[in-house]
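In the numbering used here, the protein residues as written are 140 to 487.
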Ligand code: SF4
């Protein structure tokens with residue numbers, strides 16, 4: 140059988156795998172054994188499945204492939220951040236990042252090759268969307284970073300953010316399937332509370348998440364709470380709009396009781412006035428939330444965007460705090476290797 144005719148075995152559920160063994164005249168429990176090799180042990184090769192007979196391994200090899208990612212290139216920043224260029228089975232590349240702090244290791248993973256959206260400040264936007272990642276390609280990025288964390292920092296991965304390349308809610312089904320595997324005892328068994336899905340704000344999909352009562356956290360890249368400014372920075376805002384976003388976030392909070400994080404970059408001459416902060420304060424009132432002010436990292440071709448001055452950031456902090464809104468100023472990590480927020484563009 141030609142490789143092109145084989146299917147990726149990891150697209151099969153446990154039950155489908157059990158059924159496959161039955162159709163081959165074998166016992167269903169073999170399906171469980173293979174499933175464990177594929178997910179708990181992340182086997183890359185049928186030959187690694189040592190409790191499966193050689194004949195059965197050859198039979199599997201005749202029907203299936205295991206489409207695994209490969210970490211093609213790994214760069215380490217002076218601050219300990221690691222950026223992986225990850226090669227997919229069709230030779231496309233995405234990036235994922237390990238961010239260590241004193242107590243935690245966070246994985247920042249990609250959900251699409253390129254991105255469906257067109258944020259003006261973002262390096263990934265220049266790549267356009269080539270395709271969505273499969274659940275296993277997302278899962279594999281997490282496994283690779285967990286291994287790096289154990290090797291370089293002697294501790295397992297503690298947190299995951301979907302903030303790499305792509306808009307996770309534009310690859311809704313696969314992102315949810317990947318999270319299901321990450322949190323399942325059959326996969327990595329991580330707590331959903333340690334996972335944050337960061338979206339640029341797709342109202343219809345936020346409502347869908349709320350209806351599914353997901354347990355992970357939600358972050359929204361807001362960047363402006365003034366309609367025309369947000370559209371300038373994130374042109375897709377013209378189709379969705381702040382009012383629809385606000386209503387979807389209120390709905391999210393009503394359904395899940397989970398506080399929203401707003402990711403927000405302050406740029407000089409774009410959103411650094413008192414009026415901008417006041418609009419943000421008003422937006423934060425709609426549902427319990429906190430604000431992360433993120434340091435901006437210049438990208439090639441993004442000359443219109445420069446980091447706001449220290450007094451402008453201080454003004455944001457002061458006004459937000461005065462209004463009882465929790466605010467954190469986040470300094471970017473891995474700048475020297477283009478691994479910081481908005482810088483992922485396969486430049487390695
Ligand atoms: S910021 Fe996120 S949603 Fe916007 S273009 Fe970049 S990757 Fe896509």
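Every residue, glycine too, gets a C-beta built ideally from N, C-alpha and C.
Please find out if some non-hydrogen atom of the ligand SF4 comes closer than 6 angstroms to the beta-carbon of residue i.
| i | result |
| --- | --- |
| residue 389 | no |
| residue 261 | yes |
| residue 361 | no |
| residue 351 | no |
| residue 144 | no |
| residue 417 | no |
| residue 317 | no |
| residue 181 | no |
| residue 199 | no |
| residue 423 | no |
| residue 249 | no |
| residue 256 | yes |
| residue 443 | no |
| residue 377 | no |
| residue 306 | yes |
| residue 339 | yes |
| residue 358 | no |
| residue 224 | no |
| residue 383 | no |
| residue 264 | yes |
Can you find the residues in the same chain that come closer than 6 angstroms, C-beta to C-beta, to residue i, ignoring five residues on each side of it along the sequence?
| i | result |
| --- | --- |
| residue 252 | 231, 233, 269, 270 |
| residue 443 | none |
| residue 141 | Annotation note: pLDDT 42 at residue 141 (below 50); position unreliable, coordinate value reported separately. Excluding residues within five positions, none has a Cβ falling inside 6 angstroms. |
| residue 158 | none |
| residue 472 | 218, 220, 238 |
| residue 99 | As shown, the chain starts at 140 and ends at 487. That puts residue 99 outside it, with no answer to give. |
| residue 149 | 177, 275 |
| residue 326 | 178, 320 |
| residue 387 | 342, 345, 346 |
| residue 151 | none |
| residue 379 | 342 |
| residue 153 | 174 |
| residue 422 | 364 |
Check for me: the beta strand (DSSP E) holding residue i runs from which residue to which?
| i | result |
| --- | --- |
| residue 213 | 209-215 |
| residue 356 | 356-360 |
| residue 400 | 399-403 |
Excluding the 5 residues preceding and the 5 following residue i in the sequence, name in chain order all residues of the same chain whose CB lies nearer than 7 angstroms to its CB.
| i | result |
| --- | --- |
| residue 398 | 427, 428, 429 |
| residue 287 | 221, 237 |
| residue 180 | none |
| residue 300 | 245, 247, 335, 337 |
| residue 190 | 172 |
| residue 363 | 369, 372, 410, 415 |
| residue 475 | 216, 217 |
Which residue marks the beginning of the alpha helix (DSSP H) containing residue i, and which one marks its end?
| i | result |
| --- | --- |
| residue 241 | Neither: residue 241 is in no alpha helix (DSSP H) and is coded neither H nor E. |
| residue 158 | 153-162 |
| residue 420 | 413-423 |
| residue 171 | 168-178 |
| residue 377 | 376-379 |
| residue 371 | 366-372 |
What residues are listed by DSSP as bridge partners for residue i?
| i | result |
| --- | --- |
| residue 433 | 469 |
| residue 147 | 204 |
| residue 222 | 214, 236 |
| residue 406 | 446 |
| residue 428 | 399 |
| residue 247 | 236, 300 |
| residue 314 | Looking at the DSSP assignment, residue 314 forms no beta bridge with any residue, so it has no partner. |
| residue 270 | 252 |
Near residue i, what residues of its chain come up, given a Cβ to Cβ distance below 8 angstroms and the 5 sequence neighbours on each side ignored?
| i | result |
| --- | --- |
| residue 458 | 413, 416, 417, 420 |
| residue 146 | 202, 203, 204 |
| residue 351 | 315 |
| residue 182 | 176, 188, 205 |
| residue 370 | 376, 377 |
| residue 283 | 208, 210, 223, 225, 235 |
| residue 267 | 253, 254 |
| residue 383 | 342 |
| residue 324 | none |
| residue 163 | 198 |
| residue 166 | 160 |
So, does the CB of residue i fall closer than 7 angstroms to a CB anywhere in chain C?
| i | result |
| --- | --- |
| residue 150 | Among the protein chains of the structure shown there is no chain C, as only one such chain exists. |
Problem - Whole runs of the beta strand (DSSP E) within the stretch 273-311, excluding any shorter than 3 residues - result: Runs found: 298-301.
Practice task
Tell me the start and end of each unbroken beta strand (DSSP E) in the stretch 324-350 that is at least 3 residues and wholly inside, in chain order.
Solution key: Correct list: 334-338.
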